[in-house]
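Peer 1: Got a structure here, written out as structure tokens. Questions coming.
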Amino acid sequence: MLLSLFPFLFFIVLAAAGLNGCTAIAVDPHAGFPQVSQLVNERVGQEIAWVPGPEEAAPVPTTISARLKKGLNETDSVQIALLQNRNLQALYTRLSIAQADLVQASLLHNPVVDLSSGFPVAGGVVDLGFGMAMDFIDLLYTPLRKRVATAQFEETKLRIAAEVLEVVWQTQTAFYRHQANEQMLELRHQVAATTAASSELVRVMREAGNVRELDLASELALAGEAKLDVRLAEIAVRESRERLNILMGLWGEDAQRWTVASVHLPEPREPLDAERFESRAIERSLDLAAAEQLIVAAAENVGLDRISGLFPEVIVGGKGERDGSEWEPGPTFTLPIPLFDHGQARVARAQAELRQARELRSALVVHIHAVARSTRDRLSGHRDRAFHYRDTLLPVRERILHETQLQYNAMQVGPLELLRAKEQQIEAGVRYIEALQDYWFAHADLALLLAGHLPPTEPTPTGPALEQAPRFPFPTLR
Amino acid sequence: MKKTNDTTPIDRRTFLAGAAALGSSAVLLRSAQAADQVHRHGLERPHEPTTTTLKNAPLLERIDPKPTLPPGEPGKDYTPVITPNSISLPWKIVNGVKVYHLIAQEVEHEFAPGLKASCWGYNGRVHGPTIEAVEGDRVRIYVTNKLPSGTSVHWHGLLLPNGMDGVAGLTQRVIQPGETFRYEFTLRQHGTYMYHSHHDEMTQMALGAIGLFIVHPRRPREERPDRDFAFMLSEWRIDVGTSRPNPNEMTNFNIFTFNAKAFPGTEPMAAQLGDRVRIRIANVAAMSHHPIHLHGYRFRVTETDGGQIPQSAQQMETSVLVAIGQSRTIEFVAEEPGDWAMHCHMTHHVMNQMGDQFPNMIGVQSGDLDARVQSLLPGYMTMGSEGMAEHGLHIESGHTQAPPNSIPMRGGPGPFDYITMGGLLTLLKVREHLAHENLDPGWYRHPKGTVASRASREDLRRDGIHV
């Protein structure tokens, strides 16, 4: 008798497995990475690598070692970061997680086997029961769940690509900062040498009996402050260097050895075609593409909730009972009656989430337009500022120094005035570097925006981007 | 030195000869009338009061009426003055009146080689040319204003009708740009006087609108000089590297001049041994009195701007203080040949464009500081730790680069060494024979054994000097 139940049950399970087998996804730990790699490559022209390795940092490959030895430029530092940054490796594991979720979503609920027995107190034969049931409607829901999970997986890939771009941005800005800091340190040394010379001069003038103790004390104070400025500049160099080490994933000797190829920030480039900034930023936005995937997911979720609200589960199965010595097989069918909860709350929630996703997408469009304009303006503003220093203020300071030297030669002004003129010339150089640095920060922001990701509002993040809260609050879907 | 603004003594002499010829022809033409005038009025000493109607007659001079005498002739009635670095203003005689024409205008003036500036002067010169006339002359002076501002001319020290005194606003209307005014009066006195703008005085005098006005005596009490030099002292502020005097300066003047020239731009006085030399010095500097010291001679102070000092009251001096607004005349006989300095004894007045903001570096031991600073400023060297003597020479030689158009602390070359003086310094060059009258005869050649030199060991031993 039981034998006659088996084919039926077997058929149900086989049919379900067959249907699922057509739609189920294989587990692939590297799934999604080629797409992310391609997205990054077409936007920054550099390679990324996923090296699932041991937990501890792997040794730096020889190609990178060679780059480190010859003095780093900005492109090198970005490439090294893309290959070595361990946070990126951690980031890529989110692809595995998302892909696992997708696989999970495509799997049917397992069939349930139910065994029962009854022992008559008054004696007699032991009653045995056997049942096997399966949530058959899962067959219907699985493709829907998979569509939600696929959209979520797509969104994950886009967001991971965006975060890789952000690491590129972080490395660029860290590199510019480090270059500027190195140059500032050089200039601070010069200011310190200038004030040291002037205080030394006043000291020998004091020794000759020609100036007051007050004059000497004032000069010593200036020289002392200039020395402190050197210390501060050294701290800044140390910090920006370590920031680059973090981003490039360097440690040990490699972290100590490298130098930058040039401490001079490059001059601003020709102005970019400002007209197309906004449309290009919109066209290329990974953030926007991710937001669209969230809308897709939310829309699929609404459909899923609408159906599953009516029929959350339909359990189909078969059972056999042994009554005495005879087996009594028969099918089972369980269906909850949507009398109170017919899924209306879940549908409403899903619909609200869909509306939320749509509104957030619209808000993002407004945001990208505005950031594109403000970044463009900031870029051209700092470019003008840097050129104004280069073309006007620096030459004027140079001329002032030259003329002061002539006046000094004519004994019309004293050596202290001459050294002050030198100091002011150096200070103008410091302000020029600040302007250049601001220009390159804005440049990196714009590059990031045009590569497809909104630049962080804080221009110099103190920690890796991955530790930061998302700037755009994407809703979390089930 | 002898460029646009300068005339060589020969030029001056040529000019004076011409002026004299012009004068004498006029005199010839009008000789009958003049003789008649002399006859009617007699040759009175115009500087002595003739009116006795006032109780305090000797002290209160009436100015008018006075007789006008026929125009005085150079060479005949007086020895023309030599205004080093300048000339006398040409004149002509019209109906017995000496007629002059002053044109107030902006002038590019060279103070000394290496320093030019836009100044205000007269007739293309700074200061204006010397007006020279004779006691009793009737003078008519036209003043044309080519300055961008109104002006007037005051005849400093001259006794004249009030309306001719030239004080803008007070005694006359301002001469507006483009206008020509006429001044006319009879000279009642002799001596060293001046003319200068008396409108916006601070600006116009600071920019150079001044000149000498020499009135020779009709009949001198004393012997006429063989050499009669005239100088006007003034001071300027010309910041190093600028090219216009700053009239707003009140105290820190950095260029001091004889006839608007700073040494080494000053033309020397040349005299022949035995010459009777007169030097007239007038001062309309803004703020500084100048004690002018002449080396090698004692001299008599013979005149103040008030007139001649009686011989019995003339003092023997080696320096004469010429205060602002004053003139002093000194006389001596050139009896010691040589190159003698004449200069203001205020030490900063014999220094060109000294920088008074420069700190006191005397005695400073700079050690390796120069090398350290040179890494920041390649052209740097510590200066002034032993004084400023070498500085002018360094700049002059181009060893040290100074701003263009400047002569900071520059002196001039001397026959033995660099002369570390500038500004109010000129030279009196007395020679046994002058090849060319009034021309610089070059450096004095000292007779053997008359120049201070390094003491020999033998000298030191002999005289028990231990060094």
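Going down the list, the sequences are from chains Y and S.
For the first sequence, the numbering used here gives the first residue as 127, with consecutive numbering after it.
For the second sequence, the numbering used here gives the first residue as 785, with consecutive numbering after it.
From the three backbone atoms N, C-alpha and C, an ideal C-beta is built for every residue, glycine too.
#1: By DSSP, does E1221(S) sit in helix, in strand, or in coil?
#2: Say whether the stretch 920-936 of chain S touches the stretch 954-971 of chain S, bearing in mind that this needs 3 or more beta-carbon pairs closer than 8 Å, one atom from each stretch.
#3: The beta strand (DSSP E) spanning M1016(S) covers which residue range?
#4: Compute the Euclidean distance between the alpha carbons of A547(Y) and H528(Y), then round it to the nearest angstrom.
#5: Among all the DSSP beta bridges, which residues are the ones paired with P1197(S)?
#6: Report yes or no: is there a C-beta of chain S within less than 8 Å of the C-beta of L327(Y)?
#7: Skipping 5 residues on each side, what residues in its chain have a beta carbon closer than 6 Å to that of L254(Y)?
#8: Below 9 Å between beta carbons is the criterion; list the residues of the stretch 1014-1033 of chain S that meet it against any residue of chain Y, in chain order.
#9: State the Cα-Cα distance for the pair Q316(Y) and L342(Y), rounded to the nearest angstrom.
#10: Per the DSSP calculation, A896(S) is bridged to which residue(s)?
#11: If we call anything under 8 Å between Cβ atoms a contact, is D1123(S) one with L1209(S)?
#12: Straight-line CA distance for G429(Y) to H235(Y)?
#13: Is the CB-CB distance between I275(Y) and L313(Y) below 8 Å?
#14: Find the residues of chain S that neighbour M331(Y), judging by a C-beta separation of less than 8 Å, and give them in chain order.
#15: Could you say which of T201(Y), L266(Y), L486(Y) lies nearest to L233(Y) if we only look at CA atoms?
#16: With DSSP as the reference, please indicate the residues paired to T976(S) in a beta bridge.
#17: Rounded to whole angstroms, what is the Cα-Cα separation between V435(Y) and I372(Y)?
#18: With a threshold of 8 Å between beta-carbons, can P1192(S) be considered close to chain Y, or not?
#19: On the CB-based measure, 16 or more other CB atoms within 10 Å of its CB, does H156(Y) come out buried or exposed?
#20: Please list, in chain order, all residues of the same chain as Y1081(S) whose beta carbon is under 6 Å from its beta carbon, the five residues on each side excluded.
#21: Taking three-plus beta-carbon pairs below 8 Å as touching, is the stretch 508-520 of chain Y in contact with the stretch 380-395 of chain Y?
#22: Do L853(S) and T914(S) have their C-beta atoms closer together than 8 Å?
#23: Can you pull the chain S residues whose beta carbon is under 7 Å from the beta carbon of V356(Y), in chain order?
#24: Nearest-angstrom Cα distance between A568(Y) and R499(Y)?
#25: Would you be able to state if there are at least three C-beta pairs under 8 Å between the stretch 490-508 of chain Y and the stretch 402-413 of chain Y?
#26: Determine the contact status of L311(Y) and V363(Y), defining contact as a CB-CB distance below 8 Å.
#27: Could you confirm whether any beta carbon from chain S is found closer than 8 Å to the beta carbon of A334(Y)?
#28: Can you give me, in chain order, the residues of the stretch 1169-1187 of chain S that have a beta carbon less than 9 Å from any beta carbon in chain Y?
#29: Report all residues from its chain with a CB closer than 6 Å to the CB of G1025(S); omit the five preceding and five following residues, and keep chain order.
#30: Please name the residue in T987(S), H938(S), G1196(S) whose C-alpha comes closest to that of P1048(S).
#31: Give me the Cα-Cα distance between Q533(Y) and W566(Y), rounded to the nearest whole angstrom.
#32: Suppose you measure from the CA of S325(Y) to the CA of H1183(S); what does that come to, to the nearest Å?
#33: Would you mind reading off the limits of the beta strand (DSSP E) that contains S1111(S)?
#34: Using beta-carbon positions only, say whether I286(Y) and Y218(Y) come within less than 8 Å of one another.
#35: Could you tell me whether the Cβ atoms of H1000(S) and E919(S) are closer together than 8 Å?
#36: Residues in the stretch 152-183 of chain Y with C-beta within 8 Å of chain S's C-beta atoms, listed in sequence order?
Peer 2: With the given structure in hand:
#1: Correct three-state label for E1221(S): coil.
#2: A contact is defined here as three or more CB-CB pairs under 8 Å, and the stretch 920-936 of chain S meets this definition with respect to the stretch 954-971 of chain S.
#3: 1011-1020 is the span of the beta strand (DSSP E), which, as asked, contains M1016(S).
#4: Whole-angstrom Cα-Cα distance: 9 Å.
#5: Residue pairing by DSSP places P1197(S) opposite Y1202(S) in a beta bridge.
#6: Chain S contact via Cβ: present.
#7: Sequence-distant partners of L254(Y) (beyond 5 residues in either direction) whose C-beta falls short of 6 Å from its own C-beta, in its chain, are S243, R448.
#8: Listed by position along the chain: D1023, V1024, G1025.
#9: Taking the straight line from one Cα to the other gives about 20 Å.
#10: Its beta-bridge partners are L899(S).
#11: Their beta carbons are not under 8 Å apart, which means D1123(S) does not touch L1209(S) by this criterion.
#12: Between G429(Y) and H235(Y), the alpha-carbon positions lie close to 20 Å from each other.
#13: Per the sequence presented here, residue 275(Y) reads as Ala, with Ile not at that position. Going by C-beta atoms, A275(Y) is not nearer than 8 Å to L313(Y).
#14: Correct list: P1143, N1144, M1145, V1148.
#15: Residue L266(Y) is the option with its Cα nearest to L233(Y).
#16: DSSP links T976(S) through a beta bridge to I998(S).
#17: Reading off the sequence shown, one finds Gly at residue 435(Y), where the question assumed Val. Near 49 Å, if we compare the C-alpha coordinates of I372(Y) and G435(Y).
#18: Yes, because at least one Cβ of chain Y sits closer than 8 Å to the Cβ of P1192(S).
#19: With fewer than 16 Cβ atoms within 10 Å of its Cβ, H156(Y) is classed as exposed.
#20: Short of 6 Å from the beta carbon of Y1081(S), and not among the five residues preceding or following it, lie these beta carbons of its own chain, in chain order: F1116.
#21: At 8 Å Cβ cutoff, the stretches touch.
#22: Going by C-beta atoms, L853(S) is not nearer than 8 Å to T914(S).
#23: For V356(Y), no chain S residue has a C-beta closer than 7 Å to its own C-beta; the minimum C-beta separation is roughly 15 Å.
#24: For the pair A568(Y) and R499(Y), the Cα-to-Cα distance works out to about 12 Å.
#25: The stretch 402-413 of chain Y and the stretch 490-508 of chain Y touch, with no fewer than 3 CB-CB distances between them shorter than 8 Å.
#26: In this structure, the beta-carbon distance from L311(Y) to V363(Y) falls below 8 Å.
#27: So, interface residue.
#28: Those residues of the stretch 1169-1187 of chain S that come within reach of chain Y (Cβ to Cβ, closer than 9 Å) are S1169, M1172, H1175, H1178, I1179, T1184, Q1185, A1186, P1187.
#29: The residues are P1187, S1190.
#30: Minimum Cα-Cα distance from P1048(S) among the listed residues T987(S), H938(S), G1196(S) corresponds to G1196(S).
#31: Distance between the alpha carbons of Q533(Y) and W566(Y): 38 Å.
#32: S325(Y) and H1183(S): Cα-Cα distance of roughly 27 Å.
#33: Per DSSP, the continuous beta strand (DSSP E) segment holding S1111(S) begins and ends at 1111-1117.
#34: In this structure, Y218(Y) lies closer than 8 Å to I286(Y) by Cβ.
#35: Taking 8 Å as the Cβ cut-off, H1000(S) and E919(S) qualify as a contacting pair.
#36: Of all residues in the stretch 152-183 of chain Y, none is placed with a Cβ closer than 8 Å to any Cβ belonging to chain S.
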